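In the numbering used here, the protein residues as written are 386 to 930.
Written out below as structure tokens is the structure these notes cover.
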């Protein structure tokens with residue numbers, strides 16, 4: 386049995402967990418993060434990718450609004466490569482309450498969120514798909530953020546300062562000696578090997594799984610699972626983030642990302658973080674309500690539906706049972722010292738919050754940990770860039786070796802690591818071929834990701850490179866990428882890798898099978914079932930099981 390020893394154990398590899406790992410490591414505190422899957426495989430990648438200005442919350446949740454505008458500015462500064470600074474518009478439609486608009490403007494002013502009114506005629510000229518019956522338009526500093534990229538940037542920065550992270554390491558038990566937490570016990574989800582880890586402090590940053598982690602220590606922790614379903618469209622429908630100017634509800638945010646647009650979200654209380662399957666009914670609701678901002682929505686092609694479970698926290702024990710009740714829960718966060726609350730030393734939980742405020746959440750946890758350990762080094766995560774700035778020489782080299790759009794995307798994705806990919810292409814120009822044409826991912830980039838010891842399957846590679854995340858949803862790039870996995874033994878049977886990846890893609894395609902997407906799904910089925918014999922492979926696999 387493997388045994389680890391460190392000052393701090395962090396459970397959970399989402400944005401908050403890796404943010405804590407980075408913060409502690411920068412203060413010289415030794416820490417190991419344990420994650421049951423890949424980094425950012427949970428809620429931190431299953432959201433609309435909005436870097437909130439805070440304007441959405443100014444009326445009903447002003448604390449969250451103030452946190453968001455503060456962190457919006459910081460993240461834009463320290464992680465510019467992960468942010469598309471689109472700006473955002475709040476749109477008042479003819480069906481929206483004008484009295485709410487005035488409350489909203491007052492709230493923005495009180496929260497320090499800059500607002501500028503845009504003439505409706507100008508707005509419709511800038512965004513041709515916008516509802517022509519729009520009444521008023523206001524500009525705020527919203528942006529789009531790449532959750533995958535930001536999480537991995539934090540992890541690599543933490544590693545630079547000595548932090549460690551262990552993916553596919555599932556924590557099964559919090560170890561406790563009387564009234565003190567001493568460590569954890571767990572299992573490697575890939576090999577089945579068991580492990581233990583000892584530490585002076587254990588941080589529960591497990592998101593939607595936080596209550597389960599606390600329960601393993603005999604502690605009750607109230608976490609509400611709020612499922613939100615979103616849709617991805619195959620074009621960048623808007624240049625900027627489009628919000629509906631009303632009390633937050635379903636289908637009132639469009640966020641442009643790379644070559645696609647995401648519409649979100651719904652709200653449904655669920656009793657397990659694993660209940661993240663989007664339904665046809667949710668898709669229909671999103672399409673119907675989204676039409677109030679984008680009237681031509683039914684003419685657009687939906688390429689995927691996906692869901693994430695938000696970990697909300699409230700102090701009372703009444704669990705809401707409706708969409709409205711779920712939205713009533715504050716989006717601010719809670720740091721719970723279990724010594725004060727439960728008499729258990731060396732254990733802290735961080736719950737609630739937004740992706741936008743991950744760094745602030747990490748700072749508050751790290752301040753608490755540092756005080757417990759007698760460390761007086763201040764937080765620097767609001768000052769030091771996460772992603773080193775790429776040089777003009779590196780960009781010029783990328784432009785020489787790759788098409789312009791592909792060069793920009795690759796450099797933005799990889800930063801300084803782009804140097805390794807460019808070396809490969811320079812030695813063998815064939816590696817500059819685009820394996821994923823939707824997202825412009827080259828053969829060299831896939832080969833580089835395959836060699837990364839953090840990657841164990843095609844979905845891990847997808848989260849780093851965006852392979853299969855564009856219009857074709859893996860139909861044309863998956864089989865092209867598969868041979869590269871054969872270069873490394875740890876990926877195992879390639880047919881198994883193919884089945885797992887396509888099944889995961891199918892989960893999001895199944896609820897949106899109509900029109901052009903249905904035709905493409907049939908084409909993908911013909912490729913993988915007819916030409917590559919995937920049905921035969923799946924049948925043989927079931928027989929072996």
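Just so you know, even glycine gets a beta-carbon here, dropped at the ideal spot from N, CA and C.
On a predicted model such as this, the values are computed, not experimentally measured, just so you know.
Between which two residues does the beta strand (DSSP E) harbouring residue 696 extend?
Numbered from 1 along the chain shown, position 311 holds the residue referred to as residue 696. In the DSSP annotation of this structure, the continuous segment of the beta strand (DSSP E) that includes residue 696 starts and ends at 687-697.
Alpha helix (DSSP H) containing residue 723: first to last residue?
Reading the chain shown from its first residue, position 338 is the one you call residue 723. Residues 723-727.
Length of the line joining the Cα atoms of residue 536 and residue 428:
In the chain shown, counting from the first residue as 1, residue 536 sits at position 151. In the chain shown, counting from the first residue as 1, residue 428 sits at position 43. It is roughly 12 Å from the alpha-carbon of residue 536 to the alpha-carbon of residue 428.
For residue 766 and residue 777, I'd like the C-alpha separation in whole angstroms.
Along the chain shown, read from residue 1 onward, the residue named residue 766 stands at position 381. Along the chain shown, read from residue 1 onward, the residue named residue 777 stands at position 392. A direct Cα-Cα distance of roughly 25 Å separates residue 766 from residue 777.
Residue from 801, 443, 829 with nearest C-alpha to residue 632
Counted from its first residue, the chain shown places residue 632 at position 247. The shortest CA-to-CA distance from residue 632 to any of 801, 443, 829 is the one to 443.
Span of the alpha helix (DSSP H) around residue 449
Within the chain shown, the letter at position 64 stands for residue 449. 447-463 is the extent of the alpha helix (DSSP H) around residue 449.
Cutting at 8 Å between CB atoms, please list the residues of its own chain near residue 451, excluding the five before and the five after it.
On the chain shown, residue 451 is found 66 positions in, with the first residue counted as 1. Excluding residues up to 5 positions away in sequence, 439, 496, 497 lie with their Cβ nearer than 8 Å to the Cβ of residue 451 in the same chain.
Going by alpha carbons, who is nearest to residue 724 out of 732, 717, 718?
For the purposes of this step, residue 724 is identified with residue 339 of the chain shown, where counting begins at 1. Answer by Cα proximity: 732.
First and last residue of the beta strand (DSSP E) that includes residue 550?
Reading the chain shown from its first residue, position 165 is the one you call residue 550. Counting along the chain, the unbroken beta strand (DSSP E) around residue 550 starts and ends at 549-551.
For residue 649, which beta-bridge partners are listed by DSSP?
On the chain shown, residue 649 is found 264 positions in, with the first residue counted as 1. 638, per the DSSP bridge assignment.
What is the DSSP secondary structure of residue 402, counted as helix, strand or coil?
Here residue 402 refers to the residue found at position 17 when the chain shown is read from its first residue. If DSSP states are grouped into helix, strand and coil, residue 402 belongs with the helices.
Any idea if residue 477 is buried or exposed, counting beta-carbon neighbours within 10 angstroms, 16 or more meaning buried?
If you number the chain shown from 1, residue 477 lands on position 92. Its Cβ being crowded by 16 or more others within 10 Å, residue 477 is buried.
Determine, using beta carbons only, whether residue 828 and residue 816 come nearer to each other than 7 Å.
Your numbering for residue 828 matches position 443 in the chain shown. Your numbering for residue 816 matches position 431 in the chain shown. Yes, the Cβ-Cβ distance between residue 828 and residue 816 is below 7 Å.
Going by CA-CA distance only, name the one from 818, 529, 523 that's closest to residue 647.
Numbered from its first residue, the chain shown carries residue 647 at position 262. If you compare the alpha carbons of 818, 529, 523 with that of residue 647, the shortest gap goes to 529.
To the nearest angstrom, how far is it from the Cα of residue 901 to the Cα of residue 894?
One-based indexing of the chain shown puts residue 901 at position 516. One-based indexing of the chain shown puts residue 894 at position 509. Our two residues, residue 901 and residue 894, have alpha carbons roughly 12 Å apart in a direct line.
In this structure, how does DSSP classify residue 899 when only helix, strand and coil are distinguished?
Locating residue 899 in the chain shown gives position 514, where the first residue counts as 1. Per DSSP, reduced to three states, the secondary structure at residue 899 is coil, with no helix or strand assignment.
So residue 468 packs on residue 461, CB below 8 Å; how close in whole Å?
By 1-based counting over the chain shown, the position of residue 468 is 83. By 1-based counting over the chain shown, the position of residue 461 is 76. The beta-carbon distance between residue 468 and residue 461, rounded to whole angstroms, is 5 Å. This is short enough to meet the 8 Å contact definition.
Given a threshold of 16 other Cβ atoms within 10 Å of its Cβ, counted over all protein chains shown, does residue 706 qualify as buried or as exposed?
The residue labelled residue 706 in the question sits at position 321 within the chain shown. The predicted position of residue 706 is uncertain, since its pLDDT is 41 and thus under 50; a value taken from the coordinates is nonetheless stated next. Around the CB of residue 706, fewer than 16 other CB atoms lie within 10 Å, so the residue is classed as exposed.
Who are the near neighbours of residue 749 in its chain, counting only those whose CB is closer than 7 Å to its CB and skipping five residues on each side?
If you number the chain shown from 1, residue 749 lands on position 364. Here the set comprises 720.
For residue 949, report the span of its alpha helix (DSSP H) as first-last.
Since the displayed the chain opens at 386 and closes at 930, residue 949 lies outside it and no answer follows.
In chain order, what residues of the same chain lie with their CB nearer than 7 Å to the CB of residue 805, ignoring the 5 residues before and after it?
Within the chain shown, the letter at position 420 stands for residue 805. These residues qualify, in order along the chain: 833.
Could you check whether the region 590-597 touches the region 401-409, counting it as contact only if at least three pairs of C-beta atoms, one from each stretch, sit closer than 8 Å?
The count of Cβ pairs closer than 8 Å, one atom from the region 590-597 and one from the region 401-409, reaches three, so the stretches are in contact.
Would residue 514 and residue 681 qualify as a contact pair, given that the criterion is a beta-carbon distance under 7 Å?
The residue given as residue 514 occupies position 129 in the chain shown. The residue given as residue 681 occupies position 296 in the chain shown. Yes. Within cutoff.
Nearest to residue 482 by alpha carbon, out of 520, 897, 500, 491?
Walking along the chain shown from the start, residue 482 turns up at place 97. The candidate whose alpha carbon is nearest that of residue 482 is 520.
Could you give the C-beta distance for residue 678 and residue 614, rounded to a whole number, given that I count them as a contact under 8 Å?
If you number the chain shown from 1, residue 678 lands on position 293. If you number the chain shown from 1, residue 614 lands on position 229. A Cβ-Cβ separation of about 17 Å leaves residue 678 out of contact with residue 614 under the 8 Å criterion.
Residue 874 to residue 422 span [Cα, whole Å]:
For this step, residue 874 is matched to residue 489 along the chain shown. For this step, residue 422 is matched to residue 37 along the chain shown. Going from the Cα of residue 874 to the Cα of residue 422 covers about 20 Å.
Does the beta-carbon distance from residue 595 to residue 658 come in below 7 Å?
In the chain shown, residue 595 corresponds to position 210, counting from 1. In the chain shown, residue 658 corresponds to position 273, counting from 1. One thing to note: residue 595 has its Cβ no nearer than 7 Å to the Cβ of residue 658.
I'd like the span of the alpha helix (DSSP H) that includes residue 505, first residue to last.
Working through the chain shown from its first residue, we reach residue 505 at position 120. Unbroken alpha helix (DSSP H) run through residue 505: 505-511.
Nearest-angstrom beta carbon gap, residue 876 and residue 870 [assumed within contact, 8 Å]
On the chain shown, position 485 is the one that residue 870 refers to. On the chain shown, position 491 is the one that residue 876 refers to. With a Cβ gap of about 4 Å, residue 870 and residue 876 count as contacting.
Below 8 Å, can you find three or more Cβ-Cβ pairs linking the region 561-576 to the region 486-505?
Contact between the region 561-576 and the region 486-505 is absent, because fewer than three Cβ pairs lie under 8 Å.
Residue range of the beta strand (DSSP E) that residue 416 falls in?
Taking the first residue of the chain shown as 1, we reach residue 416 at position 31. For residue 416, the enclosing beta strand (DSSP E) has its first and last residue at 416-419.
Would DSSP call residue 524 helix, strand or coil?
Within the chain shown, residue 524 is the residue found at index 139, counting from 1. Strand, per DSSP.
Measure the CB-CB distance between residue 410 and residue 548 and report whether it falls below 7 Å.
Within the chain shown, numbered from 1, the residue matching residue 410 stands at position 25. Within the chain shown, numbered from 1, the residue matching residue 548 stands at position 163. Going by C-beta atoms, residue 410 is nearer than 7 Å to residue 548.
Hey, how far is the Cα of residue 414 from the Cα of residue 722?
Working through the chain shown from its first residue, we reach residue 414 at position 29. Working through the chain shown from its first residue, we reach residue 722 at position 337. Answer to the nearest angstrom: the Cα atoms are 19 Å apart.
Rounded C-beta distance between residue 801 and residue 773? I'm assuming under 8 Å.
Position 416 of the chain shown, counting from 1, holds the residue named residue 801. Position 388 of the chain shown, counting from 1, holds the residue named residue 773. Contact between residue 801 and residue 773 holds: CB atoms are separated by about 5 Å, below the 8 Å threshold.
Beta-carbon proximity list for residue 472, same chain, < 8 Å, skipping 5 on both sides:
Position 87 of the chain shown, counting from 1, holds the residue named residue 472. Contacts found: 524, 525, 526, 527, 528, 625, 626.
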